[in-house]
Every structure is written in structure tokens, then in C-alpha cells.
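In the UniProt record's numbering, the protein residues as written are 1 to 190. We put the CB at the ideal spot given by N, CA and C, even for glycine. Since this is a predicted model, take the numbers as computed values, not measurements. Worksheet for the structure shown next.
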Amino acid sequence: PARHTWEVRIGGESSFVGFLNLVALNQPHSGNMMGLDMADRMCYEQAKAMGLAPNYRAFMSSHKQDLVHVVYPGFRDSLPVTNLRGDVIFRNWQSIFIGNGGPVNPRIPIYSFDGRDVLADPFWPKKSIWHGSSSRGLRVVDKHCETWHADDFSVMGQSSSLTSRLLLGQQTRSCSTEFIVLCIETYKNS
Numbered sequence: 001p002a003r004h005t006w007e008v009r010i011g012g013e014s015s016f017v018g019f020l021n022l023v024a025l026n027q028p029h030s031g032n033m034m035g036l037d038m039a040d041r042m043c044y045e046q047a048k049a050m051g052l053a054p055n056y057r058a059f060m061s062s063h064k065q066d067l068v069h070v071v072y073p074g075f076r077d078s079l080p081v082t083n084l085r086g087d088v089i090f091r092n093w094q095s096i097f098i099g100n101g102g103p104v105n106p107r108i109p110i111y112s113f114d115g116r117d118v119l120a121d122p123f124w125p126k127k128s129i130w131h132g133s134s135s136r137g138l139r140v141v142d143k144h145c146e147t148w149h150a151d152d153f154s155v156m157g158q159s160s161s162l163t164s165r166l167l168l169g170q171q172t173r174s175c176s177t178e179f180i181v182l183c184i185e186t187y188k189n190s
């Protein structure tokens, strides 16, 4: 499919940018990612390694961050959220967080940075993602694997099964489980 160019106005200036990519890390992770900063760093480094602009952060809430605010304000309403091949997953960032769990079309794949479809590839045996968020993208207290530092069986994190066709489904799971970790492009260079 053709990729469209969208115009966005920031500070009165217009720049032509296209979309915000939603991409999975190249391997599943337990709830212990050595913190949100390290999860963000993995997104940054894997994007950079694939020749993408390293403007990526983890698609997760924690004790200090609500997922809904991860994308820079000027890009939340104006750009579609796409997969690495340009298929539109959401019409814009804000449309994920209207409280309906962020329904996804199961026919639109989510790819890892190295190009694998996480729902089809057996490397991710559990087809769920960590997010630590409510359906509106706000942090869920005590459901972010102790700020993404814990992989104990008894500690819980908020997740969503992609097979339920929801990006922000509300499932509490043990932080010892290895799930998909998504990254979102947070802004576009002009």
C-alpha cells in the first residue's frame, strides 16, 4: 500500500512527516527489563541498528510515566500509527486511548525491528504485550512489575493478549512471564 504524507503544524511551522511506527523489540521480555529507562534504551538501540531514526520509546506506563503521554504533544492527533510496512493500525495516537482497549485489526501485522510478525512467529510463544496501563493509557498502580524491575512469579503486571484484538486489554499477569514489548516512535524529524 502507498504511504501517505501528512502535514503537521508545530509552533506555526509546517513540516511534512508521515506516520508513527509501532514496532516490537526483537525478543520477548519478562517484567524485569531493568527499568523503564532500559526498556526505552532497547527501543532506541534496536531502531538505530535497523537504520531508523532512534526516536522510539517503550509502549509502557510506569510509576513515573503514563503511556498516553509518551508521544510528543504535536504528533498525538496528527499522524497515523503504522507498522513497519506502512499499514495503518490506528488513525492517530490519541485514538488508542479512548477507553475501548485500543482494538487492532488482526490482519494488520505488528513487526519486530528485525521484520518478524510477532503474532505469527513462534519466537514469541505468548502473544501478549506488557503495558502497565489502563485502557486510557494511564499507569495502573502496582501493575508495572515494580517499575519494570521484577520477574518474580508473585509480582503482577498489566498486559494485553493481542489475540483478543486489543492493544490495551486489561489482563494482570505474573511478571515472570515473557511477553512482547512494543516501542512507539515518539516524534518525527522535520
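Would you call the CB atoms of residue i and residue j closer than 8 Å?
{"i": "LEU25", "j": "VAL81", "result": "no"}
{"i": "SER61", "j": "ASP151", "result": "no"}
{"i": "ARG76", "j": "ASN92", "result": "yes"}
{"i": "VAL68", "j": "PHE90", "result": "no"}
{"i": "LEU162", "j": "VAL104", "result": "yes"}
Which residues in the same chain have their Cβ closer than 6 Å to the Cβ of residue i, if we skip the five residues on either side of it in sequence?
{"i": "PRO122", "result": "none"}
{"i": "SER174", "result": "PHE153"}
{"i": "PRO54", "result": "TYR44, ALA47, LYS48"}
{"i": "MET33", "result": "ALA39, TRP148"}
{"i": "TYR187", "result": "ASN55, TYR72, PHE75"}
{"i": "MET50", "result": "PHE113"}
At a cut-off of 7 Å, would you count residue i as near the ligand NAP, judging by its Cβ distance to the nearest heavy atom?
{"i": "SER164", "result": "Judged by which ligands are present, the structure shown has none, so any question about the ligand NAP falls away."}
If you follow the beta strand (DSSP E) that residue i is part of, which residue opens it and which one closes it?
{"i": "GLU185", "result": "182-185"}
{"i": "ALA24", "result": "20-24"}
{"i": "ARG76", "result": "No beta strand (DSSP E) contains ARG76, which DSSP labels as neither H nor E."}
{"i": "MET156", "result": "156-161"}
{"i": "THR147", "result": "Unbroken run through THR147 is the alpha helix (DSSP H), 145-148; no beta strand (DSSP E)."}
{"i": "TRP173", "result": "In the sequence on display, residue 173 carries Arg and not Trp. Counting along the chain, the beta strand (DSSP E) containing ARG173 begins and ends at 171-174."}
{"i": "VAL88", "result": "88-90"}
With distance defined between alpha-carbon atoms, name the residue in the options nearest to residue i.
{"i": "TYR111", "options": "GLY101, ARG85, GLY35, GLU146", "result": "ARG85"}
{"i": "LEU119", "options": "ARG165, SER133, ARG91", "result": "ARG165"}
{"i": "LYS126", "options": "SER160, SER135, ASN105, GLN94", "result": "SER160"}
{"i": "PRO109", "options": "ASP117, CYS183, LEU79", "result": "ASP117"}
{"i": "THR177", "options": "LEU36, MET156, LEU162, ILE184", "result": "MET156"}
{"i": "GLN27", "options": "SER134, ILE129, GLY102", "result": "ILE129"}
{"i": "LEU168", "options": "GLY35, VAL181, SER134", "result": "SER134"}
{"i": "GLU185", "options": "ALA58, LEU36, ASP37, GLY35", "result": "ALA58"}
{"i": "residue 191", "options": "GLN170, GLY115, ARG136, GLN94", "result": "Outside the displayed span of the chain (1 to 190) sits residue 191, for which this structure offers no information."}
Counting along the chain, where does the alpha helix (DSSP H) carrying residue i start and finish?
{"i": "TRP124", "result": "That residue, TRP124, is in no alpha helix (DSSP H); it is neither H nor E in DSSP."}
{"i": "ARG57", "result": "Here ARG57 belongs to no alpha helix (DSSP H); instead the beta strand (DSSP E) covers 56-58."}
{"i": "ALA53", "result": "Neither: ALA53 is in no alpha helix (DSSP H) and is coded neither H nor E."}
{"i": "ASP40", "result": "36-49"}
Mark residue i as exposed unless 16 or more other C-beta atoms lie within 10 angstroms of its C-beta, in which case mark it buried.
{"i": "LYS64", "result": "exposed"}
{"i": "VAL71", "result": "buried"}
{"i": "LEU20", "result": "buried"}
{"i": "ARG107", "result": "exposed"}
{"i": "VAL141", "result": "exposed"}
{"i": "GLY102", "result": "buried"}
With 8 Å as the threshold, decide whether the Cβ of residue i is near any Cβ in chain D.
{"i": "GLY31", "result": "Absent from the structure is chain D; it holds one protein chain and no more."}
Quick one: residues in its chain with C-beta nearer than 7 Å to the C-beta of residue i, no 5 flanking neighbours on either side, listed in chain order?
{"i": "PRO1", "result": "Low per-residue confidence applies at PRO1: pLDDT is 37, beneath 50, and the placement is therefore not dependable, though the value from the model is reported in the following sentence. Hits under 7 Å: GLY86, ASP87."}
{"i": "GLY35", "result": "THR147, TRP148, HIS149"}
So, for residue i: in the same chain, excluding its five sequence neighbours on each side, which residues have a beta-carbon less than 8 Å away from its beta-carbon?
{"i": "ARG139", "result": "SER61, SER62, HIS63, GLN65, ASP66, LEU67, GLY132, SER133"}
{"i": "THR172", "result": "LYS143, MET156, GLY157, GLN158, SER159"}
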